[in-house]
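Structure first, commentary second.
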Amino acid sequence: MKLKLQVWRQKNKNAKGSLKLYNVEADEHMSFLEMLDVLNEQLISDKSDPIAFDHDCREGICGSCSLVIDGRPHGPQQGTTTCQLHMRHYKDGDTITIEPYRAKAFPIVKDLVTQRTAYDKIIQAGGYVSVNTGQAVDGNAIPIEGGIAAKAFDAATCIGCGACAAACPNGSAMLFTSAKIAHLSLLPQGQIEHKSRVRKMVAQMDKEGFGMCSNVGACEVDCPKEISTDNIARLNREYLSASLGAED
Amino acid sequence: MRWIINLLTSSIGLKLVMSLTGLFLCTFLLAHLAGNLQLLYNDGGEAFNLYAKFMTGNPLIKFISYGLYTLILLHAVQGLVLASINKKSKGSKYAVSAKGNGSWASKNMALLGTLILFFLLIHMGDFWWAMKRNNLEYVTYDGVEVKNLYKKVQISFKEWYIVLAYMVGLFALALHLLHGFSSAFQTLGLRHKKYTPIIKGIGYIFSILIPIAFAIIPIAIFFSQN
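Chains as they are written, first to last, in the numbering used here: chain A, 1 to 248; chain B, 1001 to 1226.
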């Protein structure tokens, strides 16, 4: 199939970028990133600068790939990362617009690559269990109700790709932060520090320059792991009760 | 007291204020509607004029009304400030914008709020200010002199452009409430598999019925005179 691509090209963080038109011959069995690989090989053989984009596992689990395809982070397919989006969803002659994530806290490094360290900093602020939990115990030593375990697991499937902040009209990181909060606070090991954790992580999230949640819901639509905004309500609830109940 | 400032200046605290003031303004809408529906009584305005006198004369209600003005201003000013912070947090816009990711109202709450604020200025300028400025005619009921706000309402709603302005304002209010009502509960963290559908249902009914009930008043008065 012959495709027309409108790709955001930007030399560096401070340069002014623009959309450039490319033609590429793709196969329906290719993944979206493989299609970009083909285009890049073409660009390299033409002695032009290949398009920079993030990718790593190409299995939909690492959260490296990003891209906003026709206005949607990770493209049009529900619950799918860019690397798992296949060209069979497109037809001959289609024009596809590819842009980088847009959020102030995710500055563009080059072309389609954005710096997403802000999410790492939110995790570093408290997204872990620091109490001593000793040796690995038997999997069933701590009883956890099935439904609760499932909720914690659903939240834990977040791969931290940044699609939520990219989809949000406010560039808010609430879905990501809430998923991290929920998956820890629902389980007994994470429950212990949940009050200080939620306050630290929200403070860091605000410091990174993410916007505020206005309950638009675009994040959960575009999340490749289909994380629910239920978690955002949990984050609000936990933050308010932790802030009001704390002694400091 | 540092903790209060920390809480209220955090992203979630700022939203908490929007949520609580918004819900309070919803209860005000109910009270305001109940009072104003008296305009439709077929008694030449007696019930409404006596109600207007009570609402402007009672010291407790006066105290509450100043609280209300403060909260309207807080909700409006903070809403606009947050919308501008959010716009900056987004940075730049996409060349192609996707459709279907969130309702139009949810993405345009500041615009709708601004429309409502303009409507409020027209509305208060017409009636609230007229009541304050003391240039209304008086009527006498059982020997008590009362300002005839009813007549002022009749005169205003005789003009089609005023009725139209009210329709625009109320339509913006309906859209603002369609997102705002259930959103306020989400911000408070009140989300539950059993109760959220009920809250959303009440929100939809509230957002549509209240503006329609308000809209009936100018329309009915307009057609009774034209």
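Yeah, the Cβ is synthetic: ideal placement off N, Cα and C, and Gly gets one too.
query                                                                                                                             : result
Residue from A:Asp70, A:Leu33, A:Val38 whose Cα sits closest to the Cα of Glu59 of chain A                                        : A:Leu33
Per-residue DSSP class, three states only, for Lys13 of chain A                                                                   : coil
For Gln1078 of chain B and Thr1021 of chain B, the rounded distance between their alpha carbons                                   : 10 Å
Close-in-space but distant-in-sequence residues of the same chain around Phe1185 of chain B (CB under 6 Å, 5 per side omitted)    : Ile1199
Status (buried if at least 16 other CB within 10 Å, exposed otherwise) for Met1001 of chain B                                     : exposed
Sufficient close CB pairs (3 or more, under 8 Å) joining the segment 226 to 241 of chain A to the segment 1171 to 1179 of chain B : no
Listed by chain order, chain A residues near Ala1095 of chain B by CB distance under 7 Å                                          : Leu19, Thr97, Glu99
Arg234 of chain A: contacting residues in chain B (beta-carbon distance under 8 Å)                                                : Gly1189, Arg1191
Proximity test, Cβ basis, 8 Å: Lys104 of chain A and chain B                                                                      : yes
Minimum Cβ-Cβ distance from Leu1039 of chain B to chain A less than 8 Å                                                           : no
Straight-line gap, Tyr128 of chain A to Ala167 of chain A (C-alpha atoms, nearest Å)                                              : 26 Å
Supposed close pair Ile1210 of chain B, Leu1029 of chain B - CB separation, criterion 8 Å                                         : 5 Å
Chain A residues whose Cβ lies nearer than 7 Å to that of Lys1088 of chain B                                                      : Lys104
Extent of the continuous alpha helix (DSSP H) to which Ile144 of chain A belongs                                                  : From DSSP, Ile144 of chain A is part of no alpha helix (DSSP H); its letter is neither H nor E.
Tyr1141 of chain B - containing beta strand (DSSP E), residue span                                                                : 1138 to 1141
Under 8 Å from the C-beta of Trp1003 of chain B: neighbouring residues of chain A                                                 : Ser243, Ala246, Asp248
Contacts that Leu36 of chain A makes with chain B (C-beta to C-beta distance below 7 Å)                                           : Correct list: empty, because the minimum Cβ distance to chain B is about 17 Å.
Beta-carbon neighbours of Asp206 of chain A, restricted to chain B and to distances below 8 Å                                     : Ser1010, Ser1011
Under 9 Å by beta carbon: chain B residues contacting Asp250 of chain A                                                           : Beyond the ends of chain A as shown, which are 1 and 248, falls residue 250 of chain A; an answer cannot be given.
Cross-chain neighbours of Arg237 of chain A in chain B, by beta carbon under 7 Å                                                  : Gly1189
Beta-carbon neighbours of Pro169 of chain A, restricted to chain B and to distances below 8 Å                                     : Asn1086, Lys1090, Gly1102, Lys1107
Residues that Ile61 of chain A bridges to, as DSSP identifies them                                                                : Answer by DSSP bridge pairing: none, since Ile61 of chain A is not bridged.
Any chain B beta carbon closer than 8 Å to Val68 of chain A                                                                       : yes
Any chain B beta carbon closer than 8 Å to Val109 of chain A                                                                      : no
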